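Participant: Mind the numbering: the sequence shown is residues -32 to -1, 1 to 833 in mature numbering (1 follows the signal peptide of the UniProt record, and there is no 0), read in order.
Positions of the beta carbon are idealized from the N, C-alpha and C atoms, including for glycine.
Keep in mind it's a predicted model, so treat the numbers as computed, not measured.
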Amino acid sequence: MHVSSSQQPLRLCFLFCSLVCSILIGAPKANTSQPDVTEGGAVYLCPWRQANCNVINFDKQGDRYFYINDVNTQVEFKSHQWFGATVRSHGDSILACAPRYYWRTEHDTPFADVTGTCYLSVDGLKTFVEYAPCRTGKVVLGGPGSFYWQGQLISATTEEIVKAYYPAYFLLSVNGQIQTRQVQGTYDDSYLGEEMGSYFGYAVAATDINKDGLDDLVVGAPMFMRRGSNGRLEELGKVYVYLQRGPLLLEPGQSHLLGTQAFSRFGTSLAPLGDLNQDGFNDMAIGCPYGGDDQQGLVFIYNGHAGGLKDTPTQTLSGQWASSSFPASFGFALRGDRDLDQNGYPDLIVGAFGIDKAVLYRARPIVSASASLTVQPTMFNQEEKTCLLIIGNETISVSCISFCLLANGKHLPSHLGFVVEVQLDSVKQNQKKSIRRTLFLESQQPSLVKTFSLANGERLCHDSKIYLRAEEEFRDKLSPIYISLNFSLDPQALLDQHGLSPILNYHTEQLIEQKAQIQLDCGDDNICVPDLKLAVYGDRTEVYLGDENSLSLTFNARNEGEGGAYEAELYVALPSEADYSGIARNNASLTQLTCSYEAENQTRYLVCDLGNPMKSGTSLMAGLRFTVPRLKDTHKTIQFELQIRSKNANNSESEVVLYELEVAAVAEVILQGVSRPDKVIFPPPNWTVRQSLVEEQDVGPELQQVYELVNNGPSLVSQSTLEVKCPLKAHGYELLYPLEILTEGPLSCSSKTTFNALKLKVKTHLNTGISAHEQLGWHGDTVTLGLFWALNIELWFNMKLKDFYWKYKTFNCVKTMKEIKMSPLLSQYFVSCHVFLQMGFFKRSDPYATTLEKAQLKPQASSEA
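Structure, rendered in structure tokens:
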């Protein structure tokens, strides 16, 4: 129920219930009919189950005036006095106070004294008397600012107050009134608390929390500050619990309660609730009017126990309003411990200061319920004939589960509705791609949901059969099969006679679990202890830069333990340079595997199934094929990591085996050449000796040679040198005249001999058509060098020309990467060239002819080149 006043502006609601189950609401900023009084405050009477509220006329008068020194002087000020900020009732007696009421004794006094005043009714709101002890110079009850903020308490009986009341008297003295006295100045500004400014005592409540028959004291300090982890103070608020061990003998309870949100004013209001959960201990509501994400306000419900209040709340009530201009202040005022709807449970009223509303929370009947769950037998065994059941052609292992439910409580409906859910293999329920291993026999489903109706105090039981799936349908045979039962009150059940639905006691254990096992071939203790061994062999020890590097790994996996290895798998961690290409199938003696790729962080795994279980005594030989195409020269080695892993609790893994490969470079280098012409005949036909040498043809016939260096890989070659040596003289005569070197690309050539020393005019030669490649780093291509020579005709009669012979060889070189960095990969080529009449070496066959023909140096028709 929501209660709201139509009087504006209403800012604070203090709530209470009279004997006729009506609610008193204080509205300290309400306007009344009092003459010349603005926002004097009021108290409203709101009958239960009705929305209309009426003002109670505690005081109909306006401000009073008295003649002081013959001057008519205003002696009291009721505007903005906050009447209704405090409202209390006990039996037929009702007290309402205005804490900001003030008065003055002399007409020329610039400031009046804030003394506060109260009105008391002892006959059910028929007559009212004013009680204002501060106007007599005494100290008012609950005045924390008295005596320079020392704080003070005052006490007077209702009979004494009524007896001393005379409406015509402004200053009244109550005989028998007692109060605390002022003490020495060292207690000034003590606020009656232990921390300056914590507002210790802002809210106080008394109730028997620990069920010893003595009222205990709960004190709020809503501005208590604690030093945080960063060293800075943070205002959290605190509530102190003091247990009464004897007459007025208070001692701290087991713990005090600390707020969790800064500036939420935890402990601003307190309300004894009575025994909400019917456990024999009284409970407490604590207001936190600026708590919550939007500062809408919170109320915490704490249950009592033998040591005081529980450390954590069992329920949190949240304000449903938020205001951008002013906080809703839900929980600023609280009242409880009254059964308004007569359902046997106390209710709670919460005031929301900022939105002029009061909210009634009706306590719902508490149900104490318990459940039990049994499984028999707890071991699924396909070999146990007494627990087997044949369905079609399958033999299944069966167990029986039984669960019972009991419910009771006070002031409950005649029957209670429950929903019970049973999950088989409940852990597997939340795992992806995981098959639940057991099913209900009747439905062949892994869950069962039942709705039951129980009378108060009744016990109900239910039996069902469950069975284990066939072994080939699941992998996990080791982990327990958890059977879980969860029950709750049926949300569709009928409401009780008061229109409320019961709730379960917060102590209720709603989730119950039992477990079963699958019988393993591991002895009486059903614990398997494998002993996994792994050996690995490969068909190579080196991999080469630039090559695909096909690799076969053969492994031998063994289990030499006393029990099977369940879900046994071979894990192969691949280096980043490698790829998996398949199972080795060329050997019938090798076991055929099922393997799959997996990834974990940046590591790729090959996972191969070795059996479930991999029984004791098992020995498997199998082969895996890989390629290593992405080698870099930044590592000397690469390695594969292999390990057998199982799901057993003991000895679940083998030792890690590392298979390491050296990273190397290898290249097949071939040197070849072509000459045009491939034959030189002396004397040349129609040749005449020229006395003056001007052009290149004046020296003699032209001889063109092209040298080709081919790298058939696979690795790159760097820092290679081709050295060509040719006889320039024979028998003391000039034989060859070196004319020029023609290259394409970034080749670097040098010679100790000066080319074209006579500065002859050189004709323009055609482009060879062969692209020269960079000397540093070539792979699978050619490096081409063209040399042009001219023969000296003066030597023809002195030489007997023979076959031209060129010594060459195929060159293979393998060095480690470290050596490559330190020295050239290839040794220098020393190619000896001897010029004779016939150059038979240049006669060659494919595949080199095709490459050399690109040089446009086709041999003469008589050549086979």
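#1: Please report the distance separating the alpha-carbon of GLU162 from that of ASP31.
#2: Within 10 angstroms of the Cβ of SER584, are there 16 or more other Cβ atoms? Answer buried if so, exposed if not.
#3: Can you list, in chain order, the residues of its chain whose CB lies under 7 Å from that of GLU528, leaving out five sequence neighbours each side?
#4: Alpha carbon to alpha carbon, how far is GLN673 from LYS720? Give it in angstroms, no decimals.
#5: Roughly how many angstroms lie between the CA atoms of GLU787 and LEU629, to the nearest whole one?
#6: Would you mind stating whether GLY550 and LEU488 have Cβ atoms separated by less than 9 Å?
#7: Measure the CB-CB distance between ILE122 and THR148 and report whether it falls below 9 Å.
#8: Would you call the CB atoms of ASP577 and THR562 closer than 9 Å?
#9: Pull up the DSSP beta-bridge partners for GLY(-7), would you.
#10: Output yes or no for whether 9 Å exceeds the beta carbon distance between GLY299 and GLY255.
#11: Do THR95 and GLN49 come within 9 Å of each other at the CB atom, strictly closer than that value?
#12: Once DSSP output is grouped into helix, strand and coil, what is the label at ILE551?
#13: Would you report the Cα separation of GLY272 and LEU226, rounded to the nearest angstrom?
#14: Touch check for the region 239 to 253 and the region 193 to 203: three-plus C-beta pairs under 8 Å?
#15: Whole angstroms are fine: how far does the CA of SER411 sit from the CA of residue 835?
#16: Would you kindly work out how many angstroms separate the C-alpha atoms of LYS647 and PRO669, rounded to a whole number?
#17: Are the beta-carbon atoms of PRO480 and SER456 separated by less than 9 Å?
#18: Run through DSSP, which three-state label would TYR776 get?
#19: Do three or more CB pairs link the region 335 to 348 to the region 280 to 289 at distances below 8 Å?
#20: Spatial neighbours of LYS826 within its chain, please: C-beta separation below 7 Å, excluding the five flanking residues on both sides.
#21: Kindly provide the ranges of any beta strand (DSSP E) runs that are 3 or more residues long and lie completely inside the region 134 to 219, ordered along the chain.
#22: Between the Cα of GLU441 and those of THR476, SER402 and SER370, spot the shortest distance and give me the residue it belongs to.
#23: Excluding the 5 residues flanking VAL395 on each side, which residues of the same chain have their C-beta closer than 6 Å to its C-beta?
#24: Quick one: Cα of VAL417 to Cα of PRO459, how far?
#25: Is any non-hydrogen atom of the ligand GDP found closer than 8 Å to the C-beta of GLN465, if you look at the structure I gave you?
#26: Beta carbon of GLY260, beta carbon of ARG233: below 9 Å?
#27: For VAL511, report the span of its beta strand (DSSP E) as first-last.
#28: Look at the Cβ atom of GLU98, then the Cβ atom of ASP27, and state whether they are nearer than 9 Å.
#29: By the three-class DSSP mapping on this structure, what secondary structure does GLN673 have?
#30: Helix, strand or coil for GLU128 per DSSP?
#31: I need the straight-line Cα distance from GLN482 to ILE495, nearest angstrom please.
#32: Where do the N-terminal and C-terminal ends of the alpha helix (DSSP H) with TRP397 fall, by residue?
#33: Which whole-angstrom value describes the C-beta separation of LEU409 and PHE348, a residue pair presumed to lie in contact below a C-beta threshold of 8 Å?
#34: Rounded to a whole number of angstroms, what is the C-alpha to C-alpha distance between ARG200 and GLN397?
#35: With a CB to CB cut of under 6 Å and the five nearest residues on each side skipped, what residues in its chain are close to GLN607?
#36: How is the beta strand (DSSP E) around PRO706 delimited, first residue to last?
Facilitator: Based on what the coordinates show:
#1: 39 Å
#2: buried
#3: ASP499 and LYS501
#4: 19 Å
#5: The pLDDT assigned to GLU787 is 28, lower than 50, so where the model puts this residue is not dependable, and the model offers no usable value.
#6: no
#7: Yes.
#8: yes
#9: VAL11
#10: yes
#11: no
#12: strand
#13: 16 Å
#14: They do not touch, by the three-pair rule.
#15: The structure shown has nothing for residue 835, since the chain only spans -32 to 833.
#16: 11 Å
#17: Contrary to the premise, residue 480 reads as Ile rather than Pro in this sequence. No. Outside cutoff.
#18: With a pLDDT of 27 at TYR776, under the threshold of 50, the predicted position of this residue should be treated as unreliable, though the coordinate-derived value follows. Coil at TYR776, not helix or strand.
#19: No, because fewer than three Cβ pairs between the region 335 to 348 and the region 280 to 289 fall closer than 8 Å, the two stretches do not touch.
#20: Residue placement at LYS826 is flagged as unreliable, the pLDDT there being 39, under the threshold of 50; the coordinate-derived value follows with that caveat. Cβ neighbours of LYS826 beyond the five flanking positions: none.
#21: 171 to 175, 184 to 189, 193 to 195, 201 to 203 and 206 to 214
#22: SER402
#23: TYR450
#24: 14 Å
#25: Ligands are entirely absent from the displayed structure, and the ligand GDP is therefore not among its contents.
#26: Cβ atoms of GLY260 and ARG233: not closer than 9 Å.
#27: Unbroken beta strand (DSSP E) run through VAL511: 510 to 512.
#28: A contact, by the Cβ cut-off of 9 Å.
#29: The answer is strand: DSSP assigns GLN673 an E or B state.
#30: In the three-state reduction of the DSSP assignment, GLU128 falls in the helix class, which pools H, G and I.
#31: 20 Å
#32: Note on residue identity: the sequence assigns Gln, not Trp, to residue 397. It spans 394 to 397 - the alpha helix (DSSP H) in which GLN397 sits, taken as one unbroken run.
#33: Actually they are not in contact, since the Cβ atoms of LEU409 and PHE348 sit about 13 Å apart, beyond 8 Å.
#34: About 47 Å.
#35: LEU626 and GLU628
#36: 704 to 710
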